[in-house]
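For the sequence shown, the working numbering assigns the number 1421 to the initial residue and increments by one for each residue that follows. Even for Gly, the Cβ is constructed at its ideal location relative to N, Cα and C. Nothing here was measured: the structure is a model prediction, and the numbers come from that model. See structure below.
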Amino acid sequence: MSKNKTIGSMLIIAGTTIGAGMLALPIASAGLGFSTSIVVILATWLLMTYTALLMIEVHQHAEVDATLNTLAKQLLGRRGQVLANFAMIFLFYALCAAYITGGGSQLQGNLNNWFSWQLAPQVGAIGFALLFGFIITLGTGTVDKVNRVLFSIKIVVLIAMFYMLTPHVKMQHLLELPVEQGLILSALPVVFTSFGFHGSIPSVVKYVGKDVKVLRKVMITGAALPLCIYLVWQIVSQGMMSQNQLLDSEGLAGFIGAVSTLVNNPAISQAVTIFADLALATSFLGVSLGLFDFFSDTLKKSNSKQDRLLTASVTFLPPLGFALFYPQGFIMALGYAAIALVVLAIFLPVAMVWKQRRCSSTPDGYQVIGGTPALAFVAVMGVLIISAQGLQMLGVIPAVG
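Dropping the structure here:
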């Protein structure tokens, strides 16, 4: 196994995970206090890493290019396949439409500023979709190379951000007690979706092969990189402002504005903007790669140029159409992102592993530790996250982040 592919796959997992949603973490966890928010983040990381390892256990007994469509059909039957396909397409089309809308807007604004053009917003969306669609169509190797460059720049920008913000961290803010414990439920969906990378796992398996030892390293390290960055970001963001200041921030824009005012450095706004753009780009690469390989498997397409172009059309044209003509529809659909992600990242891995172990009279190969009690506990956590999302939709608990 090429060490180069292993590192690249780790960065694909990390790049998919670290999206612009990271910036919402301090707002989502503001009322929890620093210690509680760290516990919630660590617990979520453990949960998502565990279910990623469950997916490796499932993949080892399937074809190397199998996606969730094939795996669900083999282990859960037609109904499981339909549920998996619906959750995958719903979530990933919604994400792609949102990324094309946001990325297209940024691209259009930048081109207009740099060249004094007067491009319409639709031109930016089309250009963004064409650019990334071309990269994805070229294959995972190309995605790996582009992602490495973007991820490296993103890390440099993050270090610059942390360097500018760290002198303003005050210990008393980190020692503040939670405003109320019930806010943990409000924060759960945001923290949970901040560790969502499971749709990219089949693409990584196809890229590096079914070497379980290598795949375990890729999943654990790929998920640990975002964890480390999130923890530092929590120290910096929650250490700069009191809980009340964070809670009074009116959304992400208000939070960024408050940080810029506090630091009294316009460069911080620029750094946050650049980070958000790069985070959007790397997340879009990982998400659309997973969706491309999913459709390639579902539609039984080969790796010929013609088939890859057809798969790219199915992958990018529908979300591009929604981004152009009905962006608010799929932006609203993101409100259900946590529910769809629970199905993809928790319920399906647990159900497939349980069925696989049950059907195997002589268990062989890699098995994730914990047995049935661990699977049951993970499933309960999935129910808890869906319940938290549902209570937010009903207005029973506040929506944050």
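Other residues of its chain near residue i: CB distance less than 8 Å, five sequence neighbours each side excluded
{"i": "Thr1586", "result": "Val1656"}
{"i": "Met1591", "result": "Gly1659"}
{"i": "Trp1774", "result": "Thr1792 and Leu1795"}
7 Å Cβ cutoff met for residue i and residue j
{"i": "Leu1503", "j": "Pro1769", "result": "no"}
{"i": "Gly1790", "j": "Gln1480", "result": "no"}
{"i": "Ala1518", "j": "Leu1754", "result": "yes"}
{"i": "Phe1615", "j": "Thr1464", "result": "yes"}
{"i": "Phe1767", "j": "Gly1710", "result": "no"}
{"i": "Lys1552", "j": "Gly1435", "result": "The residue asked about is misnamed: residue 1552 is Phe in this sequence, not Lys. No. Outside cutoff."}
{"i": "Ser1455", "j": "Gln1654", "result": "no"}
{"i": "His1593", "j": "Leu1764", "result": "no"}
{"i": "Ile1432", "j": "Gly1674", "result": "no"}
{"i": "Val1611", "j": "Val1460", "result": "yes"}
{"i": "Glu1596", "j": "Val1788", "result": "no"}
{"i": "His1588", "j": "Val1683", "result": "yes"}
{"i": "Phe1704", "j": "Thr1735", "result": "no"}
6 Å CB neighbourhood of residue i in its chain, flanking five on each side removed
{"i": "Gly1524", "result": "Gly1544, Ala1545 and Phe1548"}
{"i": "Ala1799", "result": "Val1770"}
Neighbourhood of residue i by C-beta, 7 Å cutoff - its chain only, sequence neighbours within 5 removed
{"i": "Tyr1627", "result": "Lys1425, Ser1429 and Thr1560"}
{"i": "Pro1818", "result": "Ser1606"}
{"i": "Leu1462", "result": "none"}
Under the three-state DSSP convention, the category residue i falls into
{"i": "His1481", "result": "coil"}
{"i": "Lys1725", "result": "helix"}
{"i": "Asp1697", "result": "helix"}
{"i": "Gln1592", "result": "helix"}
{"i": "Ile1805", "result": "helix"}
{"i": "Gly1677", "result": "helix"}
{"i": "Met1475", "result": "helix"}
{"i": "Pro1818", "result": "coil"}
{"i": "Met1661", "result": "coil"}
{"i": "Ile1640", "result": "helix"}
{"i": "Asn1532", "result": "helix"}
{"i": "Ser1429", "result": "helix"}
{"i": "Gly1524", "result": "helix"}
{"i": "Ile1556", "result": "helix"}
| request: Tell me, please, whether the region 1440-1457 touches the region 1657-1665 by the rule of three or more beta-carbon pairs shorter than 8 Å. | output: yes
| Touching by the beta-carbon criterion (3+ pairs, under 8 Å), the region 1690-1708 and the region 1578-1593 | Flag = yes, the region 1690-1708 and the region 1578-1593 touch.
| said: Counting beta carbon pairs with one atom in the region 1481-1489 and one in the region 1625-1639, are three or more of them shorter than 8 Å? | reply: yes
| task | Give a yes or no on contact between the region 1521-1537 and the region 1726-1734, applying the rule of three or more CB pairs nearer than 8 Å. | result | no
| message | Under 8 Å: do the region 1488-1502 and the region 1627-1647 share three or more Cβ pairs, one atom per stretch? | response | no
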